[in-house]
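To start, the structure itself, in structure tokens.
Number of protein chains: 2
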Amino acid sequence: MTPPDTATATRNDLHAQMIALGEAARAAMQELASATADRKNAALRACAAAIRAGAAGLKAANAEDMEAAGARGLTGAMLDRLMLDDARIEAMAKGLEEIAALDDPVGAVMAEWDRPNGLHIARVRVPLGVIGIIYESRPNVTADAGGLCLKSGNAAILRGGSESFRSSTAIVACLHRGLREAGLPEAAVQQVPTSDRAAVGEMLTMSGHIDVIVPRGGKGLIERVQNESRIPVIAHLDGNCHVYVDGAADPAMAVSVVHNAKMRRTGVCGAAESLLVARGAAASILPAIIEDLAASGCEIRGDEATRALDPRVVPAAEADWSAEYLDAVISVKQVADVDEAIAHINRYGSHHTDSIVTGDEAAAGRFLERVDSAIVLHNASTQFADGGEFGMGAEIGISTGRLHARGPVGVEQLTTFKYVVRGAGQVRP
Amino acid sequence: MTPPDTATATRNDLHAQMIALGEAARAAMQELASATADRKNAALRACAAAIRAGAAGLKAANAEDMEAAGARGLTGAMLDRLMLDDARIEAMAKGLEEIAALDDPVGAVMAEWDRPNGLHIARVRVPLGVIGIIYESRPNVTADAGGLCLKSGNAAILRGGSESFRSSTAIVACLHRGLREAGLPEAAVQQVPTSDRAAVGEMLTMSGHIDVIVPRGGKGLIERVQNESRIPVIAHLDGNCHVYVDGAADPAMAVSVVHNAKMRRTGVCGAAESLLVARGAAASILPAIIEDLAASGCEIRGDEATRALDPRVVPAAEADWSAEYLDAVISVKQVADVDEAIAHINRYGSHHTDSIVTGDEAAAGRFLERVDSAIVLHNASTQFADGGEFGMGAEIGISTGRLHARGPVGVEQLTTFKYVVRGAGQVRP
């Protein structure tokens, strides 16, 4: 007799549990897809109320997560991301209420037309289906992602960071209370049954149960998901954003836009990582930009021509042109003109967000047309790369993919469409 | 000394050739993305003229393919798909001219709005980038796919069936002549350098060079591509389409729609494979439908209640409810009402195209809302599932995926968008 293989048994258990989760999500999704906007919004507001009412329980569960994380030696920044206090709990509740206030994307007629044979065709927004969301430590994503999926009529299967498992479980319990109160199925928002990493592997193969995977987190997580997933992925990979200061730029505007693009928050994906300056304007504009950045504590890595302008500029290596620092560091290069700027950005950039500062409309038009990025700006900071700043409401992230969702991913981007065709007995010749 | 490994050397050669192809495509794409509609249309018309002028050469190349295929023992249907004659050559040329006549999707402003801070945001259609198309024997796909990509500003990398390699090579040469005449880069449309299957494997890993893969062909090809691709795939998998004849259906319309949906062409993806009939209407409507189908030579596989109506109905097995016959066979099931029909279709269908025949607007509305398929019809044949019938012009296929393109994939679906933001020096608070 061979002894029972416990690891295999556990894996089989998890697989069965995940399939059950997927089937419950599919059933819930069919109910959600035809739920009225009023009912979904009532559920979102009830979820917010349940989170406020459950604050003590959320903090208790979070304290257990924090204690375990401290014992495992997590660093200060990671512990800070994990922590829930009254302000963060209130922000989660308020976020759900803001999602409730958004327009409902489902059922909107995107286009409609008549055919010569009398058929009437409408393209109508419908939910994507079941969305799997894989994220790291911040537990508030549980409420945000669950709320965005609910609003857009999708069922959500959530897999948060293992270190926030207790916090997320408590948040999901609040969401379930809200869903129940509004008469919607609890399975609209589900959490994987274990903090084990194996749950991620299971999710990525559930192509019959999950319609799209949204990973949120560091590059390591995103790359793992993109490589392993058998399901379409909407994800944010790199944000190597540029500001190009053209020869016809207003100097004060150039200083202000570059400062904001780089220094407002250095850790966000829309932060500028590279500055290109037209050679003809370098002497007149670049010194003031360097002065401003250096005074703000930004490290400046420049090409030779830029180093000649200021001794605080250190040499840039080839790798700097592709780097996403997410820190107070910027690379600076002088270019001949807008065409060289465009070529540089299309070669080294990550097709995320790039801005031109210029008073020359022709140069701006060329840049906006030819830079192949999700967001291109003229005379504005790259840090506007954000669903809220675009007026789209809350976002689940910014997609660097080209298909389906490009740029901010809000509730509208969490939908697909169907064609609804009405006839009077037409048959095809 | 070890002998040189020829297979490895060949693989390395192919890899290098494919990377070179990918880089040429990327460069061509940047030119194409900003080419005017007039120039692209001139190129399409010049390609059509080159195909007409090159007819003799095309037939000679095709004759070599046909001879080799015959020697390899290909069957009649496969040989027919491979064959090019004057009519098929003219159809290719005409197809390119029809694509030229379509509206240009690139540059269209899909939406635009102002923000309170004065930023103006526009969502503008742009090409997807480089599209890899993998298809089977029909050489006309070379011209169709190349033309659709060109119109939508995308560079195409084509990999046709190995048995049609000489024909496709000759067609690509005609397209190159047309592109040259219009002053566009030949690398806008390229064919892989070998008929070897290894080229497919190379394409599926070129995520840095190819933005989307479109496979066209049998289920084996599609599944291989979906399983192996590291690049997003737009594909058509199954077309298990249903007609549901409701209790309130007009009997003559029901017979006519079912006949057309099943029998107009049995081999297309929009052909109905399954008929559901409301139990209350079975006695009054179903005998005439069975009579019509049987008289047309269709095999009918029914549930017990349907078999009781006519001795020509043979028993349906569980597998019949999921089957895509692509042949003169239909499965027939009686259901209680529209809700059971919806549940059956969402469970066994392939989310492609499904139709309800009824005079009851409430039942129709319920069906159109709740059946989770790319195309849902009321009182019309499922065989209208076609880009041309939708008024979208030529299509590269019908997508059964939910993301990006759902249903017919025409030139508009071969685009993505970018956000163009215009400011006056705005920075983010």
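Chains as they are written, first to last, in our numbering: chain C, 883 to 1311; chain X, 883 to 1311. Note that the Cβ used here is the ideal one computed from N, Cα and C, for glycine as well. Values in this document were obtained by computation on a predicted structure and should not be read as measured data.
Presumed contact (8 Å Cβ cut-off) between residue i and residue j, rounded CB distance
| i | j | result |
| --- | --- | --- |
| residue 1121 of chain X | residue 1152 of chain X | 6 Å |
| residue 1071 of chain C | residue 1041 of chain C | 12 Å between Cβ atoms; not a contact. |
| residue 1146 of chain C | residue 1295 of chain C | About 25 Å separates the two Cβ atoms, so there is no contact after all. |
| residue 1291 of chain C | residue 1281 of chain C | 5 Å |
| residue 1045 of chain X | residue 909 of chain X | Actually they do not touch by this definition, with Cβ atoms about 31 Å apart. |
| residue 1139 of chain X | residue 1309 of chain C | 6 Å |
| residue 991 of chain X | residue 1004 of chain X | 5 Å |
| residue 911 of chain X | residue 1012 of chain X | 6 Å |
| residue 1056 of chain X | residue 933 of chain X | 5 Å |
Short Cβ contact (8 Å threshold) for residue i with residue j
| i | j | result |
| --- | --- | --- |
| residue 1215 of chain X | residue 1158 of chain X | yes |
| residue 1033 of chain X | residue 984 of chain X | yes |
| residue 1301 of chain C | residue 1256 of chain X | yes |
| residue 1063 of chain C | residue 928 of chain C | yes |
| residue 1260 of chain C | residue 1238 of chain C | yes |
| residue 1116 of chain C | residue 1085 of chain C | no |
| residue 930 of chain C | residue 978 of chain C | yes |
| residue 1015 of chain C | residue 954 of chain C | no |
| residue 1269 of chain C | residue 1276 of chain C | yes |
| residue 1143 of chain C | residue 1240 of chain C | no |
| residue 1286 of chain C | residue 1285 of chain X | yes |
| residue 1218 of chain X | residue 1161 of chain X | yes |
| residue 1053 of chain C | residue 1080 of chain C | no |
| residue 1253 of chain C | residue 1212 of chain C | no |
| residue 1345 of chain X | residue 963 of chain X | Because chain X here runs from 883 to 1311, residue 1345 of chain X falls outside it and cannot be looked at. |
Exposed unless 16 or more other CB atoms sit within 10 angstroms - verdict on residue i
| i | result |
| --- | --- |
| residue 1027 of chain X | buried |
| residue 1297 of chain X | buried |
| residue 1190 of chain X | exposed |
| residue 1169 of chain C | exposed |
| residue 994 of chain C | exposed |
| residue 1155 of chain C | buried |
| residue 1082 of chain X | buried |
| residue 1209 of chain C | exposed |
| residue 1023 of chain C | buried |
| residue 987 of chain C | buried |
| residue 1166 of chain C | exposed |
| residue 1305 of chain X | buried |
| residue 1114 of chain X | buried |
| residue 1105 of chain X | exposed |
| residue 922 of chain X | buried |
| residue 1048 of chain C | buried |
| residue 1271 of chain C | buried |
| residue 1093 of chain C | buried |
Test: residue i CB closer than 8 Å to a CB of chain X
| i | result |
| --- | --- |
| residue 1207 of chain C | no |
| residue 1135 of chain C | yes |
| residue 1130 of chain C | no |
| residue 1291 of chain C | no |
| residue 1259 of chain C | yes |
| residue 1230 of chain C | no |
| residue 1217 of chain C | no |
| residue 1303 of chain C | yes |
| residue 1306 of chain C | yes |
| residue 1171 of chain C | no |
| residue 1072 of chain C | no |
Residue-chain proximity (residue i, chain C), Cβ-Cβ < 8 Å
| i | result |
| --- | --- |
| residue 1101 of chain X | no |
| residue 1091 of chain X | no |
| residue 977 of chain X | no |
| residue 1183 of chain X | no |
| residue 1158 of chain X | no |
| residue 1298 of chain X | yes |
| residue 1203 of chain X | no |
| residue 1295 of chain X | no |
| residue 1003 of chain X | yes |
| residue 1063 of chain X | no |
| residue 1252 of chain X | yes |
Contact test: residue i Cβ vs the ligand HEM heavy atom, cutoff 7 Å
| i | result |
| --- | --- |
| residue 1224 of chain X | Judged by which ligands are present, the structure shown has none, so any question about the ligand HEM falls away. |
Review point. How do the region 934-949 of chain C and the region 1003-1015 of chain C stand: do at least 3 beta-carbon pairs fall below 8 Å, yes or no?
Key: Taking 8 Å as the limit for Cβ pairs, the verdict is that the region 1003-1015 of chain C does not touch the region 934-949 of chain C.
**Study point:** At least three beta-carbon pairs within less than 8 Å, the region 970-982 of chain C to the region 933-941 of chain C
**Key:** Yes, the region 970-982 of chain C is in contact with the region 933-941 of chain C.
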